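Be aware that the sequence shown starts at 720, since it is given in this note's numbering, and climbs by one per residue. The structure appears below as structure tokens.
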Amino acid sequence: MIAATPGRVSQALITVCFLLILTLVGGRVHAADSPTDTAEEDTPRYQGSYWSIQGHMGYTAGLTEEQNVNGGPTFGLSLRLASVLSLADIQVTALASTYQAKVGDVDLDILRISTGAEVHLHPFFLMTLRNTLIWNWLAGIYASVGADLDLTQIGEGAIEPDFGWHTGVGMDIPLTPPEVGSSLWLGLAYRIKFLEVLGPGDEETNFNEHTIVLTIGYRDNDINFMRMPRPTELYESIKKDGE
720 MIAATPGRVS QALITVCFLL ILTLVGGRVH AADSPTDTAE EDTPRYQGSY WSIQGHMGYT
780 AGLTEEQNVN GGPTFGLSLR LASVLSLADI QVTALASTYQ AKVGDVDLDI LRISTGAEVH
840 LHPFFLMTLR NTLIWNWLAG IYASVGADLD LTQIGEGAIE PDFGWHTGVG MDIPLTPPEV
900 GSSLWLGLAY RIKFLEVLGP GDEETNFNEH TIVLTIGYRD NDINFMRMPR PTELYESIKK
960 DGE
């Protein structure tokens, strides 16, 4: 039962996200730039640098079946700041999760509030310079790692503070053109948390979990001190893409 329910929810979220991506890609691919662009176009507003506020919703479940966890919903908010080409991409997040877990022989409600910071590493960051929808999507793929302060309540017990850490992968794609100064983005992320919580009987309990999160974010891309000129070496390849 544990594996089936999170699996269906995860597949549904992934399906929704990819359908939106396919619709966006099919509906609007930005026109390729040419070497005759004006000086303003040659330094577009969006170069992977921004500040952002994001809302999250998702599903959290135990990492293994032996944990006897019935997964539940996750909601949260985050602030994000990225430098040019997203070479430095930092996010501060607060997530709240609720689900049921068997602790000993008793099924108990679990409430978790997790606050922490993470860094995102973009392997395809240079694709941002092509400034089209598909390349911005590729540039938005990332791996993440972070640390959290977790406040966990097991049943009616006291709130237990613990430190945990997490790692994961994710991707973002613009819903509106990012080069106009601000834009809306859709994101999908999967992360694994590693956490031990002092449960009833003063025993350390394994609360490792995995979460799939759908994100809607507003980005302000007009961070003037984080602009850079587009390398002229890209002109030829951009021209070929537009032919």
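A virtual CB, placed ideally from N, CA and C, is assigned to each residue, including glycine. All of these numbers come straight from a predicted model, not from anything done at the bench.
- If you keep only unbroken beta strand (DSSP E) runs of at least 3 residues inside the region 794-880, you get 808-822, 825-840, 861-873.
- The region 880-888 makes contact with the region 864-871; the number of CB pairs closer than 8 angstroms reaches 3 or more.
- The region 852-859 and the region 820-829 do not touch, with fewer than three beta-carbon pairs separated by less than 8 angstroms.
- Ranked by how close their Cα comes to the Cα of Asn-940, the residues Thr-930, Asp-881, Leu-903 have Leu-903 in first place.
- With a threshold of 16 other beta carbon atoms within 10 Å, Val-788 meets it and is buried.
- When DSSP states are grouped into helix, strand and coil, Pro-896 belongs to the coil group.
- In the DSSP assignment, Thr-930 falls within the beta strand (DSSP E) that extends over 928-939.
- When DSSP states are grouped into helix, strand and coil, Gln-773 belongs to the strand group.
- Short of 6 angstroms from the beta carbon of Asp-826, and not among the five residues preceding or following it, lie these beta carbons of its own chain, in chain order: Gln-819.
- Per DSSP, the beta bridge partners of Thr-779 are Gly-791, Thr-930.
- 9 angstroms or more divides the Cβ of Leu-917 from the Cβ of Asp-869.
- Secondary-structure assignment with DSSP links Leu-917 through a beta bridge to Glu-923.
- Apart from sequence neighbours up to five positions away, the residues of its chain that approach His-839 with a beta-carbon distance below 6 angstroms are Asp-808, Tyr-861, Ser-863, ordered along the chain.
- Between Tyr-765 and Glu-898, the gap from beta carbon to beta carbon is short of 9 angstroms.
- The closest CA to that of Met-776, considering only Arg-938, Ile-931, Arg-799, is found on Ile-931.
- Between Leu-848 and Gly-906, the alpha-carbon positions lie close to 20 angstroms from each other.
- Between Thr-793 and Ala-815, the CB-CB gap stays under 9 angstroms.
- Between Gln-786 and Gly-936, the C-beta spacing is not below 9 angstroms.
- About 12 angstroms separates the Cβ atoms of Ile-878 and Ile-829, ruling out a contact at the 8 angstroms cut-off.
- Of all alpha-carbon atoms in Thr-934, Ile-911, Val-811, Ile-892, the one lying nearest the alpha-carbon of Asn-927 is that of Ile-911.
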